[in-house]
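Undergrad:
Protein chains in written order, with the UniProt record's numbering: chain A, 1 to 459; chain Z, 1 to 459.
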């Protein structure tokens, strides 16, 4: 028995690699038998250590190890390892993972590895590689348990027993048994448990649920993950246009897909393009490319504030105290907007807010906005007073803050819904983008209020 | 067969409720048999419609329906329904969900419902309610399949068959069979499949994996979810301090927990406190409370920019053109910082970045920062030129932009790691917070550069 926290080990992988003999690696594998601990130590290796490890480790152990690696590390390991090691690893990995790994290689590397693998395995992998990346079919495991619709429960269990090896250790793939006809058309599904617990003489046709939830091969992987989660399935059958069973997507891939999606959304929300590789593997050059585009777009949009301020140069010259509040006013406007868009975008991603809710969302946000505007106007008045500016400026700041908060609430609640309406993913609206939109327009509001209220400006 | 997209139905729930007879609800249940479609239509009801539905629906159907409801809607439905309906629903729901629902009620309401339920059920629910909210034990299903260590595989399967009803329809709970001794101490685990496929005469003790991954009852629910995902388990046993089996947390709860966590993080990143209820159920008053705290904190922090600007009043008076670039400079600093913190916080949440990586993170970010600074300085120079300001101001803007970008990169890469070091969740660092920190300090940099470079200011 052990708890979920890994026990301390006496030999870490850095040391084992430094020792430089296959025996040391084997000893480490004996000492560290938990896949999670192994993966932790593996992801911690430098590139040089991975090279050294790939050269030292015996092929059989290599295959076990690579399954626990992050995909990007596994690709590196495959490139570095001697070809017979790499081919042995790919032969023993889950086929969906092996195909994902092969996709990352250049075509000549890929062909060289495929040439070194058993024919049956190559057929399976080529079958998966033909599907576009990101489709449900590219993520599926083709080895599923099928039985004939006309078999009895007893015959079906015998069939499962025969294919035990095919199912490896994965409890997800084996959770369901699919009833098919001679041409692999999917007729129904039964859980392995119900099959076992049923009367052995009952015909499979009478046991299965005929109303099977399926996805088509070209369905987006995120859509497939959503269906798995919504229906709490362990495995989701993938079919072709004629309802022939091609394989299953298993629910243990869901957390990867969900996590990947959440990371991409978070990066977008922070105003950069998704990195697509783990942060620690991203070079400064890649980080630069993913960030500079949005920084420049936002810079150009923000540059408008210079034009606004230049247009009000006379006002600024006359009442220089107006400048003191510029960052405070536009900052508050941006913050108000960012709070709203992040909450709304998340609510739309989890399907709590839909397009038809547009009216309720805007009225909810404007009501909230009125109360926030009142609080911020008070805070603004107090701040202006502590800076010792003239009383008309205090009032100007308070009124402008209230207007900017309301304006920002309106903009921030409308833009995500508008994008959804235009079938653009609302997650592209980042906090920095909303802040930028509010900055320029907020300044216009501020100076118009000042003109209207300040006697020096003819108000 | 049907695809994942729900088929159009001819009677929607609004119409069925409006008809106002139990027959109409039964007809709707016949027509709409997919739990996801039902949940979609249920969450769309107004409070009045839920009241009407709870009064109309027969108790047996009510139990089926409530399992598909969002927890907050289910709580409302329980409050509104006649007590015998509500008790019937709670008796038939998954016990972890029923306990979660009871937790949301006031003590007198909770006791009234418990009093109307069968004794056996009440014991189970009281057992779950004793655990603190958010603990693994509060989320567990206590009905697991246990067999004696000394039984044979045949006897074990017979035991499972006997407890078929207890397992309901959930394939997660039934995926594993746990070997225990007379006092419920956990000795091992075997997948139901391996049990079925094993030689019927082999003793369970020789069949089970003894090295069971477990969590203790008081482990945090998010931690339990992480263990489930990392080890790709369908169900995770929860044990007491003496390693006695209390129940299992199933992996179908993981996506709920992961989604809840991602939503809270997104809300924090947007600079507000997590709502804790679905957005559409949040009142403007709740939204106001969750948002105003951070808005005021950020306002107070941002107010510092006013002090800085007042301190440089003479410089602003002498070269009013300096004011034109204030939003652009501090905006760019904030955007640079927000890009970094969101990426880093996400990388830390997915354990791609750890504390020991602090040196690599900062050197990576500063290298990237140098290139970004160069690009933004160029952009800033061009913008200043298009506004037609004097050449020293153009140079001031370019140099200040470069310095602000570098400063922001340093701050934004250090703060999340520093918080982690202090054992504070780095997700509390929102984009607005980084922007605020950079705003005040960025202005200081800007005016110091101006003093140094502009002849009018003695530079």
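Don't be surprised by glycine CBs; every beta carbon is placed ideally from N, CA and C.
Just so you know, these numbers come straight off a predicted model, no measurement behind them.
Which residues in chain Z have a C-beta closer than 8 angstroms to the C-beta of residue 17(A)? List them in chain order.
TA: Under the 8 angstroms cutoff, chain Z gives no residues; its nearest Cβ is about 18 angstroms from residue 17(A).
Undergrad: Is any beta-carbon of chain Z found at less than 8 angstroms from that of residue 385(A)?
TA: Taking Cβ atoms only, chain Z never reaches closer than 8 angstroms to residue 385(A), which makes this a no.
Undergrad: Assess, as a yes-or-no matter, whether the region 374-383 of chain A is touched by the region 439-446 of chain A under the definition of 3 or more beta carbon pairs within less than 8 angstroms.
TA: The region 439-446 of chain A is not in contact with the region 374-383 of chain A.
Undergrad: In this structure, does DSSP put residue 152(A) in helix, strand or coil?
TA: Looking at residue 152(A) - three-state DSSP - the assignment turns out to be strand.
Undergrad: In the DSSP assignment, find the unbroken alpha helix (DSSP H) run with residue 56(A) in it and report its ends.
TA: Segment 47-56, the alpha helix (DSSP H) holding residue 56(A).
Undergrad: Residue 352(A) versus chain Z: which residues are under 7 angstroms apart at the beta carbon?
TA: Per Cβ cutoff of 7 angstroms: 278, 279 and 280.
Undergrad: Could you give the DSSP three-state label for residue 6(A): helix, strand or coil?
TA: Bear in mind that the predicted position of residue 6(A) carries a pLDDT of just 49, short of 50, making it unreliable; the figure below should be weighed with that in mind. Three-state DSSP puts residue 6(A) in coil, outside helix and strand.
Undergrad: Going by the DSSP bridge assignment, what does residue 238(Z) pair with across the sheet?
TA: 215(Z) and 247(Z), per the DSSP bridge assignment.
Undergrad: Should residue 544(A) be flagged as near chain Z, meaning a C-beta pair shorter than 8 angstroms?
TA: With chain A covering only 1 through 459, there is no way to say anything about residue 544(A).
Undergrad: Can you pull the chain D residues whose beta carbon is under 7 angstroms from the beta carbon of residue 339(A), in chain order?
TA: Of the protein chains in this structure, namely A and Z, none is chain D.
Undergrad: CB-CB under 6 angstroms to residue 138(A), same chain, minus the five flanking residues each way: which ones, in chain order?
TA: 131.
Undergrad: Beta-carbon within less than 6 angstroms of residue 294(Z)'s beta-carbon, same chain only, minus the 5 sequence neighbours each way: which residues are those?
TA: Cβ neighbours of residue 294(Z) beyond the five flanking positions: 271 and 272.
Undergrad: Cβ of residue 28(A) less than 8 angstroms from any chain Z Cβ?
TA: No, no contact with chain Z.
Undergrad: Classify residue 426(A): buried if its beta carbon has 16 or more other beta carbons within 10 angstroms, exposed otherwise.
TA: Looking at its Cβ environment, which holds 16 or more other Cβ atoms inside 10 Å, residue 426(A) is buried.
Undergrad: Look up residue 1(A) in the DSSP assignment and say whether it is helix, strand or coil.
TA: The predicted position of residue 1(A) is uncertain, since its pLDDT is 45 and thus under 50; a value taken from the coordinates is nonetheless stated next. In the structure shown, residue 1(A) sits in coil (DSSP, three-state: anything other than H, G, I, E or B).
Undergrad: Residue 21(A) by DSSP, collapsed to three states: which one?
TA: If DSSP states are grouped into helix, strand and coil, residue 21(A) belongs with coil.
Undergrad: Can you tell which of 47(A), 333(A) and 216(A) has its C-alpha closest to the C-alpha of residue 369(A)?
TA: The candidate whose alpha carbon is nearest that of residue 369(A) is 333(A).
Undergrad: What is the DSSP secondary structure of residue 189(Z), counted as helix, strand or coil?
TA: If DSSP states are grouped into helix, strand and coil, residue 189(Z) belongs with the strands.
Undergrad: Decide if the region 100-115 of chain Z is in contact with the region 193-202 of chain Z; the criterion is three or more beta carbon pairs, one per stretch, under 8 angstroms apart.
TA: Taking 8 angstroms as the limit for Cβ pairs, the verdict is that the region 193-202 of chain Z does not touch the region 100-115 of chain Z.
Undergrad: Anyone know if the C-beta pair for residue 353(A) and residue 304(Z) falls short of 8 angstroms?
TA: Cβ distance not < 8 angstroms, so residue 353(A) and residue 304(Z) don't count as in contact.
Undergrad: Give the C-beta separation of residue 229(Z) and residue 254(Z) to the nearest angstrom, bearing in mind that I take them to be a contact with Cβ-Cβ under 8 angstroms.
TA: About 6 angstroms separates the two Cβ atoms, so the contact holds.
Undergrad: Can you tell me whether residue 399(A) is helix, strand or coil according to DSSP?
TA: If DSSP states are grouped into helix, strand and coil, residue 399(A) belongs with the helices.
Undergrad: Can you check which of these residues, 309(Z), 325(Z) and 299(Z), is closest to residue 308(A) by C-alpha distance?
TA: The candidate whose alpha carbon is nearest that of residue 308(A) is 325(Z).
Undergrad: Please list, in chain order, all residues of the same chain as residue 24(Z) whose beta carbon is under 6 angstroms from its beta carbon, the five residues on each side excluded.
TA: Same-chain partners within the cutoff: 16.
Undergrad: The beta strand (DSSP E) that contains residue 177(Z), what's its start and end?
TA: Here the beta strand (DSSP E) through residue 177(Z) covers 176-180.
Undergrad: Grab the span of the alpha helix (DSSP H) containing residue 205(A) for me, first residue to last.
TA: Note, residue 205(A): alpha helix (DSSP H), 204-207.
Undergrad: So with CB distances below 8 angstroms, who are the chain A contacts of residue 259(Z)?
TA: What residue 259(Z) touches in chain A: 258 and 350.
Undergrad: Based on DSSP bridge pairs, tell me the residues matched to residue 141(A).
TA: Looking at the DSSP assignment, residue 141(A) forms a beta bridge with 248(A).
Undergrad: Below 8 angstroms on the Cβ atoms is my guess for residue 362(Z) versus residue 413(Z); work out the distance and round it to an integer in Å.
TA: That belief holds up - the Cβ atoms of residue 362(Z) and residue 413(Z) are roughly 5 angstroms apart, short of 8 angstroms.
Undergrad: Nearest-angstrom Cα distance between residue 121(A) and residue 423(Z)?
TA: Taking the straight line from one Cα to the other gives about 48 angstroms.
Undergrad: Under the rule that 16 or more other beta-carbon atoms within 10 Å means buried, what is residue 65(Z), buried or exposed?
TA: Flag for residue 65(Z) reads buried.
Undergrad: When the distance is taken between beta carbons, is residue 395(A) closer than 8 angstroms to residue 437(A)?
TA: No, these two residues do not count as a Cβ contact at 8 angstroms.
Undergrad: Cβ atoms of residue 106(Z) and residue 141(Z): under 8 angstroms apart, would you say?
TA: Cβ distance not < 8 angstroms, so residue 141(Z) and residue 106(Z) don't count as in contact.
Undergrad: Examine chain Z for any beta-carbon lying closer than 8 angstroms to the beta-carbon of residue 183(A), and answer yes or no.
TA: Output row for residue 183(A): interface = no.
Undergrad: If you follow the alpha helix (DSSP H) that residue 373(A) is in, where does it begin and where does it stop?
TA: From DSSP, the alpha helix (DSSP H) with residue 373(A) extends over 358-386.
Undergrad: Using only the alpha-carbon positions, how far apart do residue 251(A) and residue 225(A) sit?
TA: So the alpha carbons of these two residues sit roughly 7 angstroms apart.
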